[in-house]
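Take the sequence shown: its position 142, counted from the start at 1, is 142 in our numbering, and no numbers get skipped. We put the beta carbon where it would ideally sit given N, CA and C, even for glycine. Bear in mind the structure is a predicted one, so any value in this text is a computation, not a measurement.
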Amino acid sequence: MEIPPPTAAVQSPRSLHSPYSLTPARDAAASFAELEELKAILLAGSAHFDVAVVAEAHTAGPSFPLYTASIGSADPQAPAVGFFGGIHGLERIGTQLILHYLRALLFRLEWDELLHRQLEKIRLVFMPIVNPGGMWAHKRANPQGVDLMRNAPQRAESHVPFLAGGQTISPLLPWYCGRPGAPMEAESAALLRVVSEQLASRPFSLALDCHSGYGFDDSLWFPYAKTRRLMAHLPEMFALRTMLEQSHPHHAYSFEPQSNQYLLHGDLWDHAYDHAPPRHVFLPMTLELGSWLWIRKNPRQLFSRHGIFNPMKAHRTKRVLRRHADLLDFLTRAAFAAPNWLPSDERRAQLARLATAHWRPRRVLA
Numbered sequence: 001m002e003i004p005p006p007t008a009a010v011q012s013p014r015s016l017h018s019p020y021s022l023t024p025a026r027d028a029a030a031s032f033a034e035l036e037e038l039k040a041i042l043l044a045g046s047a048h049f050d051v052a053v054v055a056e057a058h059t060a061g062p063s064f065p066l067y068t069a070s071i072g073s074a075d076p077q078a079p080a081v082g083f084f085g086g087i088h089g090l091e092r093i094g095t096q097l098i099l100h101y102l103r104a105l106l107f108r109l110e111w112d113e114l115l116h117r118q119l120e121k122i123r124l125v126f127m128p129i130v131n132p133g134g135m136w137a138h139k140r141a142n143p144q145g146v147d148l149m150r151n152a153p154q155r156a157e158s159h160v161p162f163l164a165g166g167q168t169i170s171p172l173l174p175w176y177c178g179r180p181g182a183p184m185e186a187e188s189a190a191l192l193r194v195v196s197e198q199l200a201s202r203p204f205s206l207a208l209d210c211h212s213g214y215g216f217d218d219s220l221w222f223p224y225a226k227t228r229r230l231m232a233h234l235p236e237m238f239a240l241r242t243m244l245e246q247s248h249p250h251h252a253y254s255f256e257p258q259s260n261q262y263l264l265h266g267d268l269w270d271h272a273y274d275h276a277p278p279r280h281v282f283l284p285m286t287l288e289l290g291s292w293l294w295i296r297k298n299p300r301q302l303f304s305r306h307g308i309f310n311p312m313k314a315h316r317t318k319r320v321l322r323r324h325a326d327l328l329d330f331l332t333r334a335a336f337a338a339p340n341w342l343p344s345d346e347r348r349a350q351l352a353r354l355a356t357a358h359w360r361p362r363r364v365l366a
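So, in structure tokens, the structure goes:
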């Protein structure tokens, strides 16, 4: 599937090659809180971030820009980490987590010498709101009714959950993949383009996509979602998981292939992983925040579309932001130290055996 070329990155909001400004919107109906916060952060950090508008999301009313912000080494061979959020418009907590980290990063630039040393050797890429039209409209899908997380062209190799695994029946039903054979949605294509140009093109890169809404526990999922076969870079993912266990022994993440939970059609990260250069190590992960725990503590959230996917109490939101910022920082450090832990030769073969035993497919469907 052909993806259109990206908009060139720029150094200042005044030189954005688009009709969009980083100044606050005058028309409240043409904006929303997360987008305004993102614009404020990018405006404040315009001396540090390379900002770009990589696509445009159209609605029946206003149109919205898809912003990216990058910072760090300009060396195209340097390791990189990408942070993504807002693929599902109702899952605002993932976007808020990235904005929280981005804002803290901006303040740390004023005094954190170690951060400056990190940024001399790595590149950080942020795309906090992939689906601004859906977030504005208070919908999971984009304004065309397409679930962007199921919009890639590949199909699952086995049975998927009815509807939830992706369906092509109608955009009026949830989890719509899009019309078979149609071009990908602008938002999906923009994300894949950012990944291809700024992450997977490097010898080593990581990606974290922040979601919410599944289970009582927080999960870190990695490809595949289309098959129960294990990914080629399983040893590297196992090494990363081991480092997380050792450096954060009390973390509460379930770290596993998504296929251990369920299969689905059109997963964007399966597509991005399969199209990365074979000699490069690209490790994409999805952070799935378990919103059922918030609902159990506050059952009234069931009566709100936002409450199903986000903590509604202010103190719970703050707790989520505090709790998961360490994960984003861990991935940044892991990218910086990649030459020290990426396995090779016999060590890689040993990790492959351990990882295969640990993550052996747990469910076999007829």
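Run of the beta strand (DSSP E) containing residue i, from where it starts to where it stops
i	result
residue 253	253 to 257
Bridge-paired residues (DSSP) for residue i
i	result
residue 388	Outside the shown range of the chain (1 to 366) lies residue 388, about which nothing can therefore be said.
residue 285	208
residue 127	84
residue 167	176
residue 220	255 and 287
residue 63	58
Buried or exposed (CB count within 10 angstroms, at least 16 for buried), residue i
i	result
residue 223	buried
residue 72	buried
residue 27	exposed
residue 107	exposed
residue 299	exposed
residue 302	exposed
residue 95	buried
residue 315	exposed
residue 181	exposed
residue 41	buried
residue 341	exposed
residue 345	exposed
Euclidean distance between Cα positions of residue i and residue j
i	j	result
residue 51	residue 120	18 Å
residue 265	residue 110	44 Å
residue 88	residue 352	33 Å
residue 289	residue 122	27 Å
residue 173	residue 92	21 Å
residue 99	residue 275	28 Å
residue 9	residue 53	Here the model assigns residue 9 a pLDDT of 35, short of 50, so the residue's position is not dependable, and the following value carries that caveat. Approximately 8 Å between the Cα atoms of the pair.
residue 124	residue 336	11 Å
residue 291	residue 277	35 Å
residue 58	residue 133	7 Å
residue 83	residue 325	12 Å
residue 251	residue 279	31 Å
residue 163	residue 147	11 Å
residue 260	residue 267	15 Å
residue 294	residue 313	9 Å
residue 184	residue 76	27 Å
residue 217	residue 286	14 Å
residue 39	residue 23	7 Å
residue 318	residue 255	23 Å
residue 62	residue 235	46 Å
residue 101	residue 37	12 Å
residue 230	residue 355	10 Å
Three-state secondary structure assigned by DSSP to residue i
i	result
residue 90	coil
residue 68	strand
residue 2	Interpretation of residue 2 is limited by its pLDDT of 37, a score under 50 that renders its predicted location unreliable; the figure taken from the coordinates is listed afterwards. Here residue 2 sits in coil by DSSP.
residue 247	helix
residue 386	No information on residue 386 is available, as it lies outside the stretch 1 to 366 that the chain covers here.
residue 43	helix
residue 188	helix
residue 196	helix
residue 261	coil
residue 32	coil
residue 109	coil
residue 77	coil
residue 238	helix
residue 310	coil
residue 233	coil
residue 115	helix
residue 181	coil
residue 339	helix
residue 280	coil
residue 215	coil
residue 361	coil
residue 25	coil
Span of the alpha helix (DSSP H), counted from its first residue to its last, around residue i
i	result
residue 58	Here residue 58 belongs to no alpha helix (DSSP H); instead the beta strand (DSSP E) covers 50 to 58.
residue 120	Element bounds for residue 120: n/a, residue is neither H nor E.
residue 320	314 to 336
residue 157	Run containing residue 157: none; DSSP gives neither H nor E here.
residue 352	345 to 358
residue 150	Residue 150 -> no alpha helix (DSSP H), and no H or E assigned at all.
residue 296	292 to 297
residue 273	268 to 274
Residue i CB to nearest heavy atom of the ligand HEM below 8 Å
i	result
residue 180	What this structure holds is no ligand at all, so the ligand HEM is not there to describe.
Any chain B beta carbon closer than 9 Å to residue i
i	result
residue 301	No chain B is present in this structure, which holds just one protein chain.
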